[in-house]
Structures are given as C-alpha cells and as structure tokens.
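Student: So the protein sequences, as listed, match chains A, B and C.
Reminder that position 249 of the first sequence reads as 249 in UniProt numbering, one-by-one numbering, no gaps.
Reminder that position 46 of the second sequence reads as 46 in UniProt numbering, one-by-one numbering, no gaps.
Reminder that position 95 of the third sequence reads as 95 in UniProt numbering, one-by-one numbering, no gaps.
Glycine included, every Cβ here is placed at the ideal spot set by N, Cα and C.
Predicted model, so just to flag it, every value in this text is computed and none were measured.
First, the structure itself, so that you have it in front of you.
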Amino acid sequence: MLRRTVASGSSMMRMAKLPLSSRTALASATTLPRRHYSPAAAVKLTNDISLETHTDTQMASRDQAAARAEASAGSSAKAAAIIDEIDTSGRTALNAAYQENTGFGTRPIYMDMQATTPTDPRVLDTMLKFFTGLYGNPHSNTHSYGWETNKEVETARDHIAKLIGADSKEIVFTSGATESNNMVVKGVARFYKKTKKHIITTRTEHKCVLEAARAMINEGFEVTFLPVDEAGLVDLKELEAAIRPDTCLVSVMAVNNEIGVIQPLKEIGQICKKHKVYFHTDAAQAYGKIKLDVNEMNIDLLSISSHKIYGPKGIGALYVRRRPRVRLEPLFSGGGQERGLRSGTLAPPLVAGFGEAARLMHQEFESDQAHIKRLSDKLVKGLLANDHTNLNGSASHRYPGCINVSFAYVEGESLLMALRDIALSSGSACTSASLEPSYVLHALGRDDALAHSSIRFGIGRFTTEREVDYVIKAISERVEFLRSISPLWEMVQEGIDLDSIEWSGH
Amino acid sequence: MPATPSRLQVLSLYKQFIRNSNQFNNFNFREYFLRISREKFKENAPIQDKEKVAKLYEAAQRDLGVLKRQKLISQMYTFDKLVVESAKDQGDSRS
Amino acid sequence: MLRTFFRSSTPLTLRRISASPVAARSASTFIGRQSFTPMRFYSAGAAKLDKDEVTRRVIDVIKAFGKSNAAATITPTTLFNKDLGLDSLDTVELLVAVEEEFDIEIPDKIADELKSVAETVDYITSNADAN
Numbered sequence: 001m002l003r004r005t006v007a008s009g010s011s012m013m014r015m016a017k018l019p020l021s022s023r024t025a026l027a028s029a030t031t032l033p034r035r036h037y038s039p040a041a042a043v044k045l046t047n048d049i050s051l052e053t054h055t056d057t058q059m060a061s062r063d064q065a066a067a068r069a070e071a072s073a074g075s076s077a078k079a080a081a082i083i084d085e086i087d088t089s090g091r092t093a094l095n096a097a098y099q100e101n102t103g104f105g106t107r108p109i110y111m112d113m114q115a116t117t118p119t120d121p122r123v124l125d126t127m128l129k130f131f132t133g134l135y136g137n138p139h140s141n142t143h144s145y146g147w148e149t150n151k152e153v154e155t156a157r158d159h160i161a162k163l164i165g166a167d168s169k170e171i172v173f174t175s176g177a178t179e180s181n182n183m184v185v186k187g188v189a190r191f192y193k194k195t196k197k198h199i200i201t202t203r204t205e206h207k208c209v210l211e212a213a214r215a216m217i218n219e220g221f222e223v224t225f226l227p228v229d230e231a232g233l234v235d236l237k238e239l240e241a242a243i244r245p246d247t248c249l250v251s252v253m254a255v256n257n258e259i260g261v262i263q264p265l266k267e268i269g270q271i272c273k274k275h276k277v278y279f280h281t282d283a284a285q286a287y288g289k290i291k292l293d294v295n296e297m298n299i300d301l302l303s304i305s306s307h308k309i310y311g312p313k314g315i316g317a318l319y320v321r322r323r324p325r326v327r328l329e330p331l332f333s334g335g336g337q338e339r340g341l342r343s344g345t346l347a348p349p350l351v352a353g354f355g356e357a358a359r360l361m362h363q364e365f366e367s368d369q370a371h372i373k374r375l376s377d378k379l380v381k382g383l384l385a386n387d388h389t390n391l392n393g394s395a396s397h398r399y400p401g402c403i404n405v406s407f408a409y410v411e412g413e414s415l416l417m418a419l420r421d422i423a424l425s426s427g428s429a430c431t432s433a434s435l436e437p438s439y440v441l442h443a444l445g446r447d448d449a450l451a452h453s454s455i456r457f458g459i460g461r462f463t464t465e466r467e468v469d470y471v472i473k474a475i476s477e478r479v480e481f482l483r484s485i486s487p488l489w490e491m492v493q494e495g496i497d498l499d500s501i502e503w504s505g506h
Numbered sequence: 001m002p003a004t005p006s007r008l009q010v011l012s013l014y015k016q017f018i019r020n021s022n023q024f025n026n027f028n029f030r031e032y033f034l035r036i037s038r039e040k041f042k043e044n045a046p047i048q049d050k051e052k053v054a055k056l057y058e059a060a061q062r063d064l065g066v067l068k069r070q071k072l073i074s075q076m077y078t079f080d081k082l083v084v085e086s087a088k089d090q091g092d093s094r095s
Numbered sequence: 001m002l003r004t005f006f007r008s009s010t011p012l013t014l015r016r017i018s019a020s021p022v023a024a025r026s027a028s029t030f031i032g033r034q035s036f037t038p039m040r041f042y043s044a045g046a047a048k049l050d051k052d053e054v055t056r057r058v059i060d061v062i063k064a065f066g067k068s069n070a071a072a073t074i075t076p077t078t079l080f081n082k083d084l085g086l087d088s089l090d091t092v093e094l095l096v097a098v099e100e101e102f103d104i105e106i107p108d109k110i111a112d113e114l115k116s117v118a119e120t121v122d123y124i125t126s127n128a129d130a131n
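Spelled out as structure tokens, the structure:
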C-alpha cells in the first residue's frame, strides 16, 4: 500500500521532470550549430556536450536503480543469493575492522566539510535571541522592534563585508551561494544583453554556475567553458585570449569544492580590469578560509555561503561592487529590499548568525588556519603512504581543508560503502547521489576509473587529531582489504598491464 | 574603563573556561573549546598592559557566558557518541 | 525506540543529580539511591581516603593529563612547575582533572597554593567530600 503510493509519487516526479530535461536538450541541440563561435570556443564546446548528461542525474540514477531491480527480479533466486552472500561476507569482513572497538560510539566521523559545516555554538547563541524577543521586521521603520532588528542586521552586514575588504553597502543577502551565482550569471548578462553576448567561465565551476551559464545559452548568449590544466588551474593566457569585445562577465571560482584548488584570483582580476570585463568569483568554499580582498584582487562580484563557515543554512550573500558600479537585473521583483537587487523580507536570525560566523572566521583566522594546515598535512601524508594513491589537483595552490585523493584499483563507491564510520563524499553533494564520476576530475584529465576511485576529505575548525588518526588508519585498512578482493589488483600485482586487456562487453 | 583583574581572577576565569568546555556533550565542540581556551589564554598570558588585560578580561567574561549557555544546550540535545569516543569519556557530568 | 530515549536521557539525569555537590551528598544519604548510580557513590560516607591510594590516583591523573614532561617518574615530592614543566594555566587545568577525579571543588585561593603532588594529596585527604 505504502509502496504503491511512493511509486506513483516518484513517477509523478519523473513526469514533471521530463519536459524540463527534454526541453533543455532540445533547445541546446537546435541552437548549438546555428551559433557563431570563436575557433577556440568551438573546440571546447564539442567536449562540453558531455556536461549535458549531468542535467538530470537524479533521474538517471533512478532509472538505473529501476533497471537493476528488474534485472535481479528476472534472474534466478540462486544468483541473487550468491550476490547477497558476497555482499554480506564483504561487509562482515569490513565490519570486523571496527568490531573490536566495542565501548566506542557509533556516530560516524564528519569529514564532509565542503558539503556543509556544523553550526558553531557561538553562532547559535547569537541567533537564539531572535527567536525569544528580537522578532521585529528589520524593514519596519516605524517602531523600535524594527529598529533593533535592523541594527543587528546591519552589524552582521559589517562583519561580512569586513572579511573581504568591502563596504557593508556592497553586501546583498541571498538564500545562499547558489542564488548569488544565479543572480550574477543571469543578472549581469541580462542587464548588458543589448551590447554584450558572451560569458566566460571554467569547466570546474560548481554546478549552479555551469547550469546558469547553460541557461543563458538558451537566452542567446555564448559561453566559453575554459579548460583547466591537470592541476586544476585555468591558463591565464587562454583566459585573456577568450575575452572578446562583447564579453560581459568572467566567472571563476576561488576555491574548488571538490579538489580545493585556489585559482589565481589576483591575476584574473587584473586581466578583467584591463579588458573592462566584470569579474565574478564563487567564493563559497573560500570566503573566510583564504585571504580575499575585493579591491586588491579587482573582484566585482563575489558569492558567499553561510553554512560553509559554520553559520546557519539557508543564507548567503553577494558582494556587488559600487564603484565603479556593477549593474545587474534582479531575479526577484518586489519591495525593493537589498538595494532593489533582492526583494523579500530578510531573515534576521539567519543574517545575524551569518554575521557572527563571519566575525568568528575573522577572529579565529590564524588559529583555524594553523589547526587545519597541521591536520591536513598529517592526513595527506598518512593517506599517500598507501601504494597507488595520489592527490588530485595542485599541491601548492590549494586550500588545505579540502583534500581529494585517488585510490587506484578500488571502486570509490565500494570504499564509501566500506567506510560507514566516516562521513565522506566522492565529490560534490549534488552529484554524490549518482554513480557518475566527477566532472571536475574529468576536467583535470583523470580517467573514469580514477575519477571513480576518488574521495574528498574535508577538515575544519572542529575536526580533531584523534579523528584524523582514525581516518588514516581506517582508510588504509579498508583500501588494503578492497584491493585484496579485487581481481584488478591481483593482475597489477602480477605485473599485467591493465591497458593491454581487452574487456568484453556485457 | 573596566578594572584590571588580579592574577587569581584570571586563573579562576581560565578554570571556568576549562570546566565549561569539558561539559559539552558534543565531542567536536568540547575538544574545540578546550583547544581554543588553552590557545587564547597562553597567547594572552604575556600581556602586561593593564588596560589591554582589562579589556580582554571583560570580553572573556562575555565569551564565558556563551560557553555556559551553549554547553547546556549541548547537553539538552544529545546524539550518539562518535566512533572515536569511548563510552567513558563524555562531557563530564560533574560541574 | 524507548531504549534510545533512555540512553540519551540517562547521562542528563546523572548530571542533574551530581550537578551541585549538595545534591550529590544528600542523594548519597539515601541508601535506596545507591543502586541508581552505584559506581559514583560506592565509597560515599565519612571514611577518609587512604593516603597511598590518593597518591596513586593523583599520579594517574597527572599521567593521563599528557602535558607533563616527566610522566614516568612522578613521586609525592614532584613539583608541578619545576619538575613537570607546567605553567600556572596548565596547573589550573591539571587541578580541574584532579577535582573531577575526586568529585571535589578546590577553592581558587587554595588551588593557587598547591605546588606539588604531596600538597595536593594532603588537601584531598583532609577534605571529607572527596571520594
């Protein structure tokens, strides 16, 4: 009974989704050949088509699951039993690794700081009074309830601006970095659409930037998706060459969410200034974690997320330069709050929590930095001590709190399954539900197999040394175990070149 | 202009930071506040400037208030212990 | 379901009862309560603690403290500052650990005077609340 309701619900979802995905596929299929591209962009675009497959990964994985269920239902019960046995025997062997630790807790260690961070108790403390007494609408200017809340909102805005050397008037509150990124890519492009038709971004951007840019293709814009080198960095010469007279925006993320690579922001800022193109950076993973200065780096727009800096979820901000003024068309129409760029009543508890989180990032910068660096170095050293492992992305231009390591001859998904005592992800949260390998690692030139066997580790303010020690030990043990049952590993040990093998299809 | 605290007052304040940090039920918060309390007090220990010490003392008292409230909240909403936490070492029950 | 409820609520109850020394003491006078938290009150009562036993436990606390630089050779004459290299802040922290071990509260003024293992042991054995 229950199952039937669920099933019909999901098919409804699928129906609702279908028109959307087919529409985008259709639109890009028809618009692509017609458009005029510079030679460099045209070459890139053919490769970029693979990005299209990511548009509806949820449905893809649902389809796959359905197909699997069908297949297993059709096969004999005996086969199912064998699969089951292999599965459970593997699991018992893995469980044995922490069976001996009785007397210890069961909650996994949290190592997915790129997805989100725990809310700092000091942030919660700041927020609580907004639920007990400070409930005024910050936009009410006729009474003290409004004034007192408004004062707190403006204090928060100051804290947020200070961290990037901006003026508080240049901060616009949004629901998060995804909204900020959409606001920029769509808003700037739409505002200047009469004269400018071109956007530049990179292939390793967060999904929301890539998808927003893709949406602008449908509105008649051209987008150059710059490739990155194997370290994950954009080539500055290539970036400069891609700028055209009708380019309105360059959007390059500050710190990559999957590999932790820091892009050369200052240099990109200089190039953009020289060519009078707006420079936007998605700093969701960078804000408060690396030194950022919008004036020194010539950043015109900068996206911030609160829950990546131990603040509350559901809020973010966009820095919009005032001098020289950056114009953008707002996504929302309404009462004209936030300089008319983002209408809608602010959420003071979230704003204040976000502000306190920013203040703490400033106050604890050196302390956090030293702590994270120390643990990160230890973790990298410990993980790379295993055979056939490597660090993805630049070793020098990186934020130490984000570590991405490939474990060759181990399937990432099975490793994650085997690591239920550690909360980890193989990539960004939005794609980890699917079995698709990370597009970021693909952009770095990693093959499918290696991209599949990569795991991302996030270290933050609240990570402890004891946890890092545990993770190193657990990963090393389980990688060894998974390899010991892997036929591929056996072949490697025997000295067989895997590339020489011809795989038969199935 | 706040009054300059005595040596004993500073030590007493430190003791309260340690005790309250110790009482967080959440492992990560407990370890963090212990670490940061140690760090901050050690860092500020050599400061001689009376005015500066007075200001730090005042700010630390506000922080202690936060710690006292938040440790209680941490004790109100509890979760299973982490896999690295032995059942014995908990946010200490005594205060 | 119910079990998880109990599991999560038990430490809280314990904490409440022992939250203030007064409550803890009055609770221990009720024999019936002993079964409630047997390990906490097993030695409750007026009986003074054995000095050797206290010394051993203090030394264990120091060893577990992990900050001292001569952990292996701690004797009653060991000085916190001179022998263990603890500064005044470290000593405060060590004494918090001692307080928790013996379920007592050392007044700040007295705590500041305790410079050695022996002095600490003397204070504990003279304190009727220690257990």
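Using a beta-carbon distance cut-off of less than 7 angstroms, what residues from the segment 365–377 of chain A approach chain B?
Tutor: When CB distances to chain B are screened at a threshold of 7 angstroms, the residues of the segment 365–377 of chain A falling below it are Ser367, in chain order.
Student: Which residues, in chain order, does the segment 431–464 of chain A contribute to contact with chain B at a C-beta distance below 7 angstroms?
Tutor: Arg461, Phe462, Thr464
Student: May I ask you to list, following chain order, the residues of the segment 103–115 of chain C that have a beta carbon less than 8 angstroms from some beta carbon of chain B?
Tutor: Asp103, Asp108, Lys109, Ala111, Asp112
Student: Check isoleucine 290/A in the structure and name its three-state DSSP category.
Tutor: strand
Student: Counting only Cβ-Cβ distances shorter than 7 angstroms, please list the residues of the UniProt domain "Complex 1 LYR protein" (9–65) of chain B near chain A, keeping chain order.
Tutor: Asn28, Phe29, Glu31, Tyr32, Ile36, Glu39
Student: Does DSSP classify glutamate 222/A as helix, strand or coil?
Tutor: strand
Student: Residue range of the alpha helix (DSSP H) that histidine 198/A falls in?
Tutor: Looking at the DSSP string, histidine 198/A is not in any alpha helix (DSSP H); the run it does join, the beta strand (DSSP E), is 198–202.
Student: Any contact of the segment 152–161 of chain A with the segment 253–273 of chain A, i.e. 3+ C-beta pairs under 8 angstroms?
Tutor: No, they do not touch.
Student: Check for me: the beta strand (DSSP E) holding valine 250/A runs from which residue to which?
Tutor: 247–251
Student: Output, in sequence order along the chain, the residues in the segment 174–204 of chain A whose CB is closer than 8 angstroms to any CB in chain B.
Tutor: none
Student: Any contact of the segment 46–64 of chain C with the segment 481–497 of chain A, i.e. 3+ C-beta pairs under 8 angstroms?
Tutor: no
Student: Evaluate the contact criterion for the segment 398–409 of chain A versus the segment 447–465 of chain A: three or more CB pairs, one atom per stretch, below 8 angstroms.
Tutor: yes
Student: Please list, in chain order, the chain B residues whose beta carbon lies closer than 8 angstroms to that of leucine 89/C.
Tutor: Leu11, Tyr14, Arg38, Phe41, Lys42, Ala45
Student: Within 10 angstroms of its Cβ, does alanine 408/A collect 16 or more other Cβ (buried), or is it exposed?
Tutor: buried
Student: Taking the alpha carbon of serine 484/A as the point to measure from, which residue in Lys162/A, Val410/A, Asp377/A has its own alpha carbon closest?
Tutor: Val410/A
Student: Quick one: grab the DSSP three-state call for valine 326/A.
Tutor: coil
Student: Say whether chain B places a C-beta atom closer than 9 angstroms to the C-beta of threonine 155/A.
Tutor: no
Student: Residues in the segment 71–90 of chain B with C-beta within 9 angstroms of chain A's C-beta atoms, listed in sequence order?
Tutor: For the segment 71–90 of chain B, which is checked against every Cβ of chain A, the residues closer than 9 angstroms are Lys71, Ile73, Ser74, Phe79, Asp80, Lys81, Leu82, Val83, Val84, Glu85, Ser86, Ala87, Lys88.
Student: State the beta-bridge partners of phenylalanine 279/A as determined by DSSP.
Tutor: Val250/A
Student: Taking contact to mean 3 or more Cβ pairs, one atom from each stretch, closer than 8 angstroms, check whether the segment 382–396 of chain A and the segment 472–484 of chain A are in contact.
Tutor: yes
Student: Please report the straight-line C-alpha distance between alanine 118/C and arginine 56/C, rounded to a whole angstrom.
Tutor: 11 angstroms
Student: For threonine 117/A, name the three-state secondary structure that DSSP assigns.
Tutor: coil
Student: Could you check whether aspartate 246/A and threonine 195/A sit closer than 9 angstroms to each other, using their CB atoms as the reference points?
Tutor: Yes, they are a contact pair.
Student: Comparing C-alpha positions only, which one of Asp469/A, Glu329/A, Pro487/A sits nearest to methionine 183/A?
Tutor: Glu329/A
Student: Any beta carbon of chain B sitting closer than 9 angstroms to that of arginine 122/A?
Tutor: yes
Student: Using only the alpha-carbon positions, how far apart do phenylalanine 41/B and glycine 355/A sit?
Tutor: 25 angstroms
Student: Please specify which runs of the beta strand (DSSP E), each continuous and at least 3 residues long, are wholly inside the segment 322–401 of chain A, giving them in chain order.
Tutor: Runs of the beta strand (DSSP E) inside the segment 322–401 of chain A: 389–391.
Student: Which runs of the alpha helix (DSSP H) spanning at least 4 residues fall entirely within the segment 435–498 of chain A, listed in chain order?
Tutor: Counting only runs of 4 or more, we get 439–443, 448–452, 465–484, 487–493.
Student: Using the rule of at least 16 other Cβ atoms within 10 Å of the residue's Cβ for burial, across every protein chain shown, is proline 5/B buried or exposed?
Tutor: buried
Student: How would you write the range of the alpha helix (DSSP H) that leucine 8/B sits in, first residue to last?
Tutor: Bounds of the alpha helix (DSSP H) holding leucine 8/B are 7–22.
Student: Nearest chain B C-beta to aspartate 421/A closer than 9 angstroms, yes or no?
Tutor: yes
Student: Within 10 Å of its beta-carbon, does lysine 381/A have 16 or more other beta-carbons around it, so buried, or fewer, so exposed?
Tutor: exposed
Student: So with Cβ pairs under 9 angstroms, would you call valine 96/C a contact of chain B?
Tutor: Valine 96/C has a beta carbon lying within less than 9 angstroms of a beta carbon in chain B.
Student: With burial defined as no fewer than 16 other Cβ atoms inside 10 Å of the residue's Cβ, what is the status of residue 100/B: buried or exposed?
Tutor: For residue 100/B there is no data in the structure shown, the boundaries of chain B being 1 and 95.
Student: Output the boundary residues of the alpha helix (DSSP H) element that contains tyrosine 135/A.
Tutor: From DSSP, tyrosine 135/A is part of no alpha helix (DSSP H); its letter is neither H nor E.
Student: What did DSSP end up calling leucine 84/C once you bin it into helix, strand or coil?
Tutor: coil
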